[in-house]
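Counted the way the working numbering counts, the sequence shown spans residues 1194 to 1310. No residue lacks a Cβ here, since even glycine has one placed at the ideal position from N, Cα and C. I have placed the structure first, in the form of structure tokens, so that the comments after it can refer back to it.
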Amino acid sequence: MGSVELATLAVVVLLLAFTIIQVGLYYHARKVAQSAARHGVDAGRQFGATSGDGVAQAQQYLSRYGGSVRGAQVSSSGSSAQQIRITVTGSVATLVPGLDLDVTQHADGPIERWTTP
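This is the structure in structure tokens:
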């Protein structure tokens, strides 16, 4: 095998390795964002809690585990008196300069409340 073929093969192998790592980083960031949104909904749907409590819990989760979601923003837009919706958006850490991958995940659930039979 000549040096040109070996150099070409090395580039292809490196690109394949970086692609596999980048896909892993993307799916990990999605999972972290989804988990943060879920934790926010779990906190915000409890009786007496507000959507702000859910946002705070999601932000706390991201500060602890969200290193792979850069510039994460948490919002509770879309929430109502009966439903809470937490949305987490951010960008994924990338290996390739100039490659921008964004992730947006949301979770929603009913707010616990007393009702009359």
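Can you check whether the C-beta of residue i is within less than 8 Å of a C-beta belonging to chain D?
| i | result |
| --- | --- |
| lysine 1224 | Absent from the structure: chain D. Only one protein chain is present. |
How is the beta strand (DSSP E) around residue i delimited, first residue to last?
| i | result |
| --- | --- |
| aspartate 1301 | 1295-1303 |
Just to confirm, are residue i and residue j a CB contact at a threshold of 8 Å?
| i | j | result |
| --- | --- | --- |
| alanine 1230 | glutamine 1298 | yes |
| valine 1296 | valine 1248 | no |
| leucine 1288 | isoleucine 1213 | no |
| histidine 1221 | alanine 1251 | no |
| glycine 1302 | valine 1225 | no |
Let's see if you can read the secondary structure: which residues bound the alpha helix (DSSP H) around residue i?
| i | result |
| --- | --- |
| threonine 1201 | 1196-1237 |
Can you round the beta-carbon distance between residue i and residue j to whole angstroms, since I take them to be within the 8 Å contact cut?
| i | j | result |
| --- | --- | --- |
| serine 1284 | serine 1244 | With a Cβ gap of about 24 Å, serine 1284 and serine 1244 do not count as contacting. |
| arginine 1306 | phenylalanine 1211 | Arginine 1306 to phenylalanine 1211, Cβ: 50 Å. No contact. |
Across which residues does DSSP place residue i in a beta bridge pair?
| i | result |
| --- | --- |
| glycine 1283 | Val1296 |
In chain order, which alpha helix (DSSP H) runs of at least 4 residues are fully inside the segment 1243-1281? 1244-1258
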